[in-house]
């Protein structure tokens, strides 16, 4: 304020020479100027004093504080070792202090470390990252200490998310187990809850500072504001922590409650600012190990994982801590003092769901916190792919290739949207739910592969009852629908009792249903040597899983290029008494309760199966490929992928079977296998196909281009596909 009051905002320089009364330059006029300047400075100082007083009064009386993106915010709790202004209650965010440069440069990279292990924690990380991305204005570098499961999930997710100015590095959590496995830990986080102790060794040696977060954190502000707090550290302060908001470390929660030693209420390690370079110089590794060894002699184990050891170290060395204002870690476990950290919404910065109850925790304002969390949980992650203008991004080969491919398309082409879909990168979250698979000892296992959208969710339980083997499903959902699916699955006894079902979420983007991309995602993530390529609307016969495993051996699928056909039938009845044998099925076929699949509308699709022969067949028989053939087959996992150019309705399976034939697969019909299509309302894509002439024209164009590609790739042998198409 002073600087802006004088000399048009430029600081006035008072040189020592001018202050000497006997200097030759010291004239009567300059004397008058100096006196008037001193009077003005005293006036400004008085104005500043009044302003500070008004600010202090406003803070103590006002129920809420309104702020813009760049205004200063007012704290309910002090940090430690800070300036006089902070002690008066003023906490600067990204905005600069009077006469100072901003604490965080516009394009400065902010480093964040997170320990993540398993399927559930991987989902939590996504919500945390969404909340950070929503508010951020700086490039981010996430350092993920992950087990093999979390790495597979999150590597695929970030690779397909393609968020600009975000870098991800992984560190193998399993390699770090030996560093902390000697510490007995009762906390539900297990061994991974101790790994924040070894970050000084794990993270790159040239990384000077990092924000460390638990997976159950939600940000309500720009993380750069927290990063700026590093500039407030003084002396030997190397850890930025918020005081624990429960009475745990006071030792009075129950009779004979004996917590680890801590300074007062202790500190919560859900949010930590680590000055890594100084910690290394202080020999942090040796410091925490000696403390842990000493305390474990009497405590025997940790109750709160790394938090107990951090607090024991701090108890001995209180100078290490810079105490963060408590709004940087509003802890929502039962019976906390978290309500003292905020007066209204604008005060909230970080919410920490640190109770095992998570969203079911008791808190006066838990409904508001829950809604804030659910906002990010269901927020469309595609909207977070925004550029940081003015900040150069690192060259991303995948992104550059994608842009090149898209730029080569003709936007005036009437089929542009179809062609564009082939190159669309859909954000993909593998293994959305817990998955376990024990490989079969005889190497004959078969995975059922299918894809679906929200309107076919009701088929899942029935399929699980019909097929006891492993299943790989790709679900095309929005972020909000993914959460609806999660609630549906967690509320289903049938689905929760099955751990060998892999649910892979492919997030919605674009106007078409990317059916073949979904099939490819489901195919790619199977753990068995063979797969049954089905569709979600079909129920396999009871016992089909075991029958296929026997057929795999009988027909030597491991050493031959075969596609085993499971004959497809359909019913028009929503309530069907499912046939328990081939004889029962044939009886229903004769009675008109069942039909061969698509008999009424698309006979060519399954006619080559030769249902007349199948009725009496007792051994597998070979059939030849014909135009428009699209059976459901069992193949080895190394079979070709589906062609992505086909989206929505039409030719998506036909093209795949054609390619199998081009690669000289032998089509063999299984005599005692069958599957039945259950009725459902027409899909949106088939409705578009039937009603939109341009849709049909584009599909025909894509078919012709696919056939030309086949001819180029497979040569003379592929000419029969052009001939067959012309004759059909």
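In my numbering, the protein residues as written are 4 to 731.
Glycine included, each C-beta is placed from N, C-alpha and C at the ideal position.
Here the structure is a predicted model, which is why all the values come from computation and not from measurement.
Applying the 10 Å Cβ sphere with the 16-neighbour rule, what's the burial state of residue i?
i: residue 304; result: exposed
i: residue 755; result: In the structure as shown, the chain starts at 4 and stops at 731, and residue 755 therefore has no counterpart that could be examined.
i: residue 604; result: exposed
i: residue 586; result: exposed
i: residue 542; result: buried
i: residue 497; result: exposed
i: residue 734; result: Coverage of the chain is limited to positions 4 through 731, which leaves residue 734 absent and any answer about it impossible.
i: residue 700; result: exposed
i: residue 126; result: buried
i: residue 326; result: buried
i: residue 157; result: buried
i: residue 386; result: exposed
i: residue 124; result: buried
i: residue 297; result: exposed
i: residue 695; result: exposed
i: residue 435; result: buried
i: residue 101; result: Here the model assigns residue 101 a pLDDT of 42, short of 50, so the residue's position is not dependable, and the following value carries that caveat. Exposed, by the Cβ-count rule.
i: residue 716; result: exposed
i: residue 389; result: exposed
If contacts are defined as beta-carbon pairs under 8 angstroms, then residue i and residue j qualify, I think. What distance do you get, rounded to the angstrom?
i: residue 673; j: residue 568; result: 6 angstroms
i: residue 547; j: residue 630; result: In fact, because the Cβ distance is near 28 angstroms, the residues do not count as touching under 8 angstroms.
i: residue 714; j: residue 722; result: 6 angstroms
i: residue 524; j: residue 507; result: 5 angstroms
i: residue 625; j: residue 670; result: 7 angstroms
i: residue 138; j: residue 114; result: About 17 angstroms; that fails the 8 angstroms criterion.
i: residue 275; j: residue 369; result: Actually they do not touch by this definition, with Cβ atoms about 25 angstroms apart.
i: residue 3; j: residue 254; result: Shown here, the chain extends from 4 to 731; a query on residue 3 therefore has no answer.
i: residue 152; j: residue 205; result: About 18 angstroms separates the two Cβ atoms, so there is no contact after all.
i: residue 597; j: residue 622; result: 23 angstroms between Cβ atoms; not a contact.
i: residue 310; j: residue 420; result: With a Cβ gap of about 52 angstroms, residue 310 and residue 420 do not count as contacting.
i: residue 638; j: residue 536; result: 7 angstroms
i: residue 491; j: residue 460; result: 6 angstroms
For residue i, I'd like the list of residues in its chain whose CB is within less than 6 angstroms of its CB, leaving aside the five on either flank, ordered along the chain.
i: residue 773; result: In this structure the chain extends from 4 to 731, so residue 773 is not present and cannot be described.
i: residue 354; result: 221, 333 and 372
i: residue 720; result: none
i: residue 106; result: 231 and 234
i: residue 530; result: 440
i: residue 425; result: 647 and 648
i: residue 306; result: 189
i: residue 308; result: 188, 190, 192, 196 and 197
i: residue 493; result: none
i: residue 294; result: 315 and 316
i: residue 170; result: 144
i: residue 651; result: 515, 516 and 688
i: residue 356; result: 219 and 335
i: residue 242; result: 323 and 324
Could you pull out every residue in the same chain whose Cβ sits closer than 8 angstroms to the Cβ of residue i, ignoring the five residues on either side in sequence?
i: residue 577; result: 681 and 682
i: residue 431; result: 159, 160, 163, 507, 508, 509, 510 and 524
i: residue 442; result: 448, 530 and 531
Ordered along the chain, which non-local residues of its own chain (more than five positions away) have a Cβ less than 7 angstroms from that of residue i?
i: residue 511; result: 479, 480 and 481
i: residue 446; result: 532
i: residue 583; result: 545
i: residue 556; result: 447
i: residue 201; result: 179, 182 and 183
i: residue 345; result: 79, 330, 333 and 351
i: residue 239; result: 322 and 323
i: residue 1; result: Residue 1 falls outside the range modelled here, since the chain spans only 4 to 731, and no answer is possible.
i: residue 313; result: 270 and 272
i: residue 380; result: 130 and 486
i: residue 177; result: 150 and 151
i: residue 565; result: 558, 668, 669 and 671
i: residue 697; result: 417
i: residue 554; result: 567 and 673
Any heavy atom of the ligand PLP within a distance shorter than 7 angstroms of the CB on residue i?
i: residue 555; result: Only the bare structure without any ligand can be found here, which leaves the ligand PLP out of the picture.
Worksheet item: Are the region 281 to 294 and the region 159 to 166 touching by the rule of at least three beta carbon pairs closer than 8 angstroms?
Response: With a cut-off of 8 angstroms, the region 159 to 166 and the region 281 to 294 do not count as touching, because too few Cβ pairs lie within range.
Worksheet item: Along the chain, which unbroken stretches of the alpha helix (DSSP H) at least 4 residues long are found entirely within the region 180 to 207?
Response: Within the region 180 to 207, the complete alpha helix (DSSP H) runs of at least 4 residues are 202 to 205.
Practice prompt. Take every Cβ of the region 385 to 398, pair it with every Cβ of the region 461 to 475, and state whether three or more of those distances are shorter than 8 angstroms.
Written response: In the pairwise beta carbon analysis, the region 385 to 398 is classified as not touching the region 461 to 475: fewer than three pairs are separated by under 8 angstroms.
Worksheet entry | alpha helix (DSSP H) runs contained entirely in the region 611 to 641, provided each spans 4 or more residues | The region 611 to 641 is shown to contain whole alpha helix (DSSP H) runs of 4 or more residues at 614 to 619, in chain order.
Worksheet item: Which runs of the beta strand (DSSP E), 3 residues or longer, sit entirely within the region 111 to 186?
Response: Qualifying beta strand (DSSP E) stretches, in chain order: 113 to 119, 143 to 149 and 169 to 175.
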